[in-house]
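Visitor:
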Amino acid sequence: MPHRVATFFRASSHSVDLLEKEFTKAAKGSISRNKPALNRSLSPPQHSSGPDDRNTRLQESHKRIHIPGLYSPRSCSQKLLLATSSLDVEIESPPLVFYGPTTTSSGALLSGQLILQVQHETIAIESFKMSLDLELTHKRPHHTHCRNCRKHKTVLESWVFLNVPTTLPKGLHKFPFSWILPGHLPASTQGTLFQIEYNLHAELALSGVEPVKLCKELDIRRAIMPPDGPRSSTRIFPPTDLTAYCQHPTAIHPIGTSTVSIRIDGCVKKSVDASTQRQWKLKKLYWHLEEKQRITSPPCSKHAMKRPGHEGEDKGVTHTDVRIIGEGYFRMGWKSDFSVPDGRIEVEFPFAIRPGAQPLCDMKSDNDTEVSHSLVVQMVFIEEIMSKLTTSEDIPTGAARVLRMHFNVIVTERSGLGISWDAEQPPLYENVPMSPPRYEKTTINEIDSIPTYQSLSSTESLGSSLDQIRSVAHTNSTPLHGIPKILCGSGRPAMMT
Numbered sequence: 001m002p003h004r005v006a007t008f009f010r011a012s013s014h015s016v017d018l019l020e021k022e023f024t025k026a027a028k029g030s031i032s033r034n035k036p037a038l039n040r041s042l043s044p045p046q047h048s049s050g051p052d053d054r055n056t057r058l059q060e061s062h063k064r065i066h067i068p069g070l071y072s073p074r075s076c077s078q079k080l081l082l083a084t085s086s087l088d089v090e091i092e093s094p095p096l097v098f099y100g101p102t103t104t105s106s107g108a109l110l111s112g113q114l115i116l117q118v119q120h121e122t123i124a125i126e127s128f129k130m131s132l133d134l135e136l137t138h139k140r141p142h143h144t145h146c147r148n149c150r151k152h153k154t155v156l157e158s159w160v161f162l163n164v165p166t167t168l169p170k171g172l173h174k175f176p177f178s179w180i181l182p183g184h185l186p187a188s189t190q191g192t193l194f195q196i197e198y199n200l201h202a203e204l205a206l207s208g209v210e211p212v213k214l215c216k217e218l219d220i221r222r223a224i225m226p227p228d229g230p231r232s233s234t235r236i237f238p239p240t241d242l243t244a245y246c247q248h249p250t251a252i253h254p255i256g257t258s259t260v261s262i263r264i265d266g267c268v269k270k271s272v273d274a275s276t277q278r279q280w281k282l283k284k285l286y287w288h289l290e291e292k293q294r295i296t297s298p299p300c301s302k303h304a305m306k307r308p309g310h311e312g313e314d315k316g317v318t319h320t321d322v323r324i325i326g327e328g329y330f331r332m333g334w335k336s337d338f339s340v341p342d343g344r345i346e347v348e349f350p351f352a353i354r355p356g357a358q359p360l361c362d363m364k365s366d367n368d369t370e371v372s373h374s375l376v377v378q379m380v381f382i383e384e385i386m387s388k389l390t391t392s393e394d395i396p397t398g399a400a401r402v403l404r405m406h407f408n409v410i411v412t413e414r415s416g417l418g419i420s421w422d423a424e425q426p427p428l429y430e431n432v433p434m435s436p437p438r439y440e441k442t443t444i445n446e447i448d449s450i451p452t453y454q455s456l457s458s459t460e461s462l463g464s465s466l467d468q469i470r471s472v473a474h475t476n477s478t479p480l481h482g483i484p485k486i487l488c489g490s491g492r493p494a495m496m497t
């Protein structure tokens, strides 16, 4: 048993030496692979075979993981300062809606406050500004991998709140702003070919640290008030005698149902002897709403080169996309009257935008960006011969016609109870009426001969004084003003019994 224990310890010491040798070889290999990095941080190796040298090499082989900036005092101060200051925008104006078309709209009023929350004791500000930008993104740009061809930015308005170095204390600081958006601007649009956005970009430049930025998107819409009555249209379909009289709405809304009324005349054509007549019967009616997007993708300054075969400047590539946002069909539900001389068919059907279609509102801008909608109605007619001599069924002739009609409609948001900003403003100074009229200067006729109260000695002389006053008044023929009623009476006051 003792020899077994000794053998065990000897074998263990030998295995430990082998493990140390293998580990040393692996450490040398790693040191040789990372020689440029170790030369900067480690001292030149010393050739020693002692246990201290092995421990040193083991420590050198295990490099300490160091992430730049993780323990940097500057980055910590930046994060601390950024955490103690924040920006927010509070919009005080009503929803931004352009009322009316681009030619007559007065725009929309934008007003609000830019709020700066300082949680530190003091904060040093170099500049503080904000801008309202119109960003147009082309989803099919002139050059696919060019960022400048894809996005075009236009600064509409800018505000400079602080342009000199300023120190603000801890607390809430508000900076008001306002601007009237012109009515010719397009509304916010998210289409398949392009995207139009309005963003408020605020930047707070601090001394010695990264600036604080804020971006807030504004939703701008357009509402067109439709006329009271529907629009009337007439369509003629040669070589037949069919004539369609249609009444359809001018504007529709993304949510809601509208109605189209169609009356078709000229459905009957009688023979010479009036024994038979040819008549057109309506078999099917199909309708759908088309949305057409059109945009021209201009090149940036880098790619603005003349295309081969074109002498003028390259204005860009025009893209068009058409999709159906609502459809339906009817096989019955109309009234036919072939007893009248020319025959008549009357049909009335509802139509609406399909839920979930996410339609775009009609718009047209100066940069060849346009969205339009149209209602397409297709009617299938077949020709039949009806004999008045027999009671048999009508005989089809095999002739058929597909009548197609297009109606331009406007898709717009509902205006609701909102009004334009210029219709709700208070009256101006020049519109305030004049003040009430001033009173003219009046004159009081004085009578020099009227005695004063001090001249009356006693109540016994009241009668003689009255006689004197009457004689003076009769002589001057002037009405008495300001005389008490007790003096103008015809006798003495009545006595109580």
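Residue numbering for the sequence shown follows UniProt numbering, starting at 1 and increasing by one per position.
Where a beta carbon is used, it is the ideal one built from N, C-alpha and C, also for glycine.
Source: prediction; values computed, not measured.
Mind reading off the beta-carbon distance from Glu-413 to Thr-397? Whole number of angstroms is fine, and I expect it under 8 Å.
Guide: Here residue 413 is taken as the residue at index 413 of the sequence shown, counted from 1. Here residue 397 is taken as the residue at index 397 of the sequence shown, counted from 1. Between Thr-397 and Glu-413 the Cβ distance is about 49 Å, and since that is not below 8 Å, they are no contact.
Visitor: If we ignore side chains and look at the alpha-carbon of each, how far apart do Phe-237 and Val-376 end up?
Guide: As a first step, residue 237 is located in the sequence shown; it is residue number 237 there, counting from the start. As a first step, residue 376 is located in the sequence shown; it is residue number 376 there, counting from the start. The straight-line gap from Cα to Cα measures roughly 15 Å.
Visitor: Which residue marks the beginning of the beta strand (DSSP E) containing Arg-278, and which one marks its end?
Guide: To locate residue 278, count along the sequence shown from 1; it is residue 278. Arg-278 -> beta strand (DSSP E) spans 276 to 297.
Visitor: Given 8 Å as the limit, is there contact between the segment 179 to 196 and the segment 363 to 377, that is, 3 or more CB pairs closer than that?
Guide: Segments in contact, yes.
Visitor: Cutting at 7 Å between CB atoms, please list the residues of its own chain near Val-5, excluding the five before and the five after it.
Guide: The residue you call residue 5 lines up with position 5 of the sequence shown. Residue placement at Val-5 is flagged as unreliable, the pLDDT there being 44, under the threshold of 50; the coordinate-derived value follows with that caveat. There are no such residues.
Visitor: Quick check on DSSP: helix, strand or coil for Trp-421?
Guide: In the sequence shown, counting from the first residue as 1, residue 421 sits at position 421. Helix, per DSSP.
Visitor: So what's Pro-45 in DSSP terms, helix, strand or just coil?
Guide: The sequence position of residue 45 within the sequence shown is 45, counting from 1. The predicted position of Pro-45 is uncertain, since its pLDDT is 45 and thus under 50; a value taken from the coordinates is nonetheless stated next. Reduced to three states, the DSSP call for Pro-45 is coil.
Visitor: Please tell me whether Phe-128 and Cys-246 are closer than 8 Å, where the distance is taken between their beta carbons.
Guide: Here residue 128 refers to the residue found at position 128 of the sequence shown. Here residue 246 refers to the residue found at position 246 of the sequence shown. Their beta carbons are not under 8 Å apart, which means Phe-128 does not touch Cys-246 by this criterion.
Visitor: From Gly-416 to Tyr-99, what distance separates their C-alpha atoms?
Guide: Start at 1 with the first residue of the sequence shown, and residue 416 comes out as number 416. Start at 1 with the first residue of the sequence shown, and residue 99 comes out as number 99. So the two alpha carbons sit approximately 11 Å from each other.
Visitor: How about Val-371 and Ile-252: do their beta carbons lie closer than 8 Å?
Guide: Locating residue 371 in the sequence shown gives position 371, counting from the first residue. Locating residue 252 in the sequence shown gives position 252, counting from the first residue. No; because the gap between Cβ atoms is not below 8 Å, this pair is not in contact.
Visitor: Are the CB atoms of Asp-368 and Ile-295 within a distance shorter than 8 Å?
Guide: On the sequence shown, position 295 is the one that residue 295 refers to. On the sequence shown, position 368 is the one that residue 368 refers to. The answer is yes: Cβ separation under 8 Å.
Visitor: Any heavy atom of the ligand GDP closer than 7 Å to the CB of Ala-187?
Guide: In terms of ligand content, the structure shown is empty, and the ligand GDP therefore cannot be addressed.
Visitor: Using the Cα positions of Leu-136 and Cys-300, report the straight-line distance between them to the nearest angstrom.
Guide: For the purposes of this step, residue 136 is identified with residue 136 of the sequence shown, where counting begins at 1. For the purposes of this step, residue 300 is identified with residue 300 of the sequence shown, where counting begins at 1. Roughly 13 Å between the two C-alpha positions.
Visitor: Can you tell me whether Gln-117 is buried or exposed? The criterion is at least 16 other CB atoms within 10 Å of its CB, across all chains shown.
Guide: In the sequence shown, the residue the question calls residue 117 occupies position 117. With fewer than 16 Cβ atoms within 10 Å of its Cβ, Gln-117 is classed as exposed.
Visitor: Span of the beta strand (DSSP E) holding Cys-215?
Guide: For the purposes of this step, residue 215 is taken as residue 215 along the sequence shown, with counting starting at 1. Cys-215 -> beta strand (DSSP E) spans 212 to 218.
Visitor: What distance in whole Å lies between the Cβ atoms of Lys-170 and Gln-119, which are believed to be in contact at a cut-off of 8 Å?
Guide: One-based indexing of the sequence shown puts residue 119 at position 119. One-based indexing of the sequence shown puts residue 170 at position 170. Right, the Cβ-Cβ distance comes to about 7 Å (below 8 Å), so this counts as a contact.
Visitor: Please classify Pro-239 as buried or exposed, where buried requires at least 16 neighbouring CB atoms within 10 angstroms.
Guide: Taking the sequence shown and counting its residues from 1, one reaches residue 239 at position 239. Result: exposed.
Visitor: For Val-268, is the classification buried or exposed, using 16 other Cβ atoms within 10 angstroms of its Cβ as the cut-off for buried?
Guide: As a working mapping, residue 268 is identified with position 268 in the sequence shown. Burial call: buried.
Visitor: Contact between the segment 91 to 107 and the segment 216 to 232: three or more CB pairs below 8 Å?
Guide: Short answer: they touch.
Visitor: Going by the beta-carbon positions, is the gap between Leu-242 and Trp-280 smaller than 8 Å?
Guide: Residue mapping note: residue 242 aligns to position 242 of the sequence shown, counting from 1. Residue mapping note: residue 280 aligns to position 280 of the sequence shown, counting from 1. Closer than 8 Å, so yes.
Visitor: Starting from the N-terminal side, write out each stretch of the beta strand (DSSP E) that is 3 residues or longer and does not extend beyond the segment 150 to 176.
Guide: Fully enclosed beta strand (DSSP E) runs of 3 or longer: 151 to 162.
Visitor: For Gly-316 and His-142, which I take to be in contact (beta-carbon distance under 8 Å), what is that distance rounded to the nearest angstrom?
Guide: In the sequence shown, residue 316 corresponds to position 316, counting from 1. In the sequence shown, residue 142 corresponds to position 142, counting from 1. So it is a contact: roughly 6 Å between Cβ atoms.
Visitor: Going by alpha carbons, who is nearest to Ala-399 out of Met-405, Ile-385 and Val-411?
Guide: In the sequence shown, counting from the first residue as 1, residue 399 sits at position 399. Comparing Cα positions, the closest option is Ile-385.
Visitor: Whole angstroms are fine: how far does the CA of Glu-291 sit from the CA of Glu-348?
Guide: Counting from 1 along the sequence shown, the entry for residue 348 is found at position 348. Counting from 1 along the sequence shown, the entry for residue 291 is found at position 291. Each residue's alpha carbon lies about 23 Å from the other.
Visitor: Given Leu-336, which residues of its chain have a CB within under 6 Å of its CB, disregarding the five upstream and five downstream residues?
Guide: For the purposes of this step, residue 336 is taken as the residue at position 336 of the sequence shown. Rather than Leu, the amino acid found at residue 336 in this sequence is Ser. Taken in chain order, the residues that qualify are Ile-345.
Visitor: Taking the runs of the beta strand (DSSP E) that are 3 residues or longer, which of them lie wholly in the segment 178 to 215?
Guide: Taking only runs of at least 3 residues, the beta strand (DSSP E) segments lying wholly in the segment 178 to 215 are 194 to 206.
Visitor: Which value, in whole angstroms, describes the spacing of the CA atoms of Val-157 and Tyr-329?
Guide: On the sequence shown, position 157 is the one that residue 157 refers to. On the sequence shown, position 329 is the one that residue 329 refers to. It should be pointed out that residue 157 corresponds to Glu in this sequence rather than to Val. Approximately 49 Å, taken between the alpha carbons.
Visitor: What does a CB cutoff of less than 6 Å around Ser-86 pick up in its chain, not counting 5 residues either side in sequence?
Guide: Counted from its first residue, the sequence shown places residue 86 at position 86. Excluding positions up to five away in sequence, the list reads Gln-117.
Visitor: Does the separation of the CB atoms of Gly-191 and Gln-293 fall below 8 Å?
Guide: In the sequence shown, counting from the first residue as 1, residue 191 sits at position 191. In the sequence shown, counting from the first residue as 1, residue 293 sits at position 293. Yes, the Cβ-Cβ distance between Gly-191 and Gln-293 is below 8 Å.
Visitor: Given that a residue counts as buried once 16 or more other Cβ atoms are within 10 Å of its Cβ, and exposed if not, what is Ser-420?
Guide: Numbered from its first residue, the sequence shown carries residue 420 at position 420. Its Cβ being crowded by 16 or more others within 10 Å, Ser-420 is buried.
Visitor: With DSSP collapsed to three states, give me the class of Asn-408.
Guide: Counted from its first residue, the sequence shown places residue 408 at position 408. Asn-408 falls in the strand class under three-state DSSP.
Visitor: Are the CB atoms of Pro-211 and Leu-200 nearer to each other than 8 Å?
Guide: Position 211 of the sequence shown, counting from 1, holds the residue named residue 211. Position 200 of the sequence shown, counting from 1, holds the residue named residue 200. No. Outside cutoff.
Visitor: Out of curiosity, what's the CA-to-CA distance linking Lys-139 and Ile-91?
Guide: Here residue 139 corresponds to residue number 139 of the sequence shown, with the count starting at 1. Here residue 91 corresponds to residue number 91 of the sequence shown, with the count starting at 1. When rounded, the distance between both Cα atoms is 30 Å.
Visitor: Please specify which runs of the alpha helix (DSSP H), each continuous and at least 4 residues long, are wholly inside the segment 353 to 404, giving them in chain order.
Guide: Within the segment 353 to 404, no complete alpha helix (DSSP H) run reaches 4 residues.
Visitor: Figure out for me which residue from Val-272, Ser-297, Leu-214 and Glu-121 has the closest Cα to the Cα of Asn-148.
Guide: On the sequence shown, residue 148 is found 148 positions in, with the first residue counted as 1. For Asn-148, the nearest C-alpha among the options comes from Ser-297.
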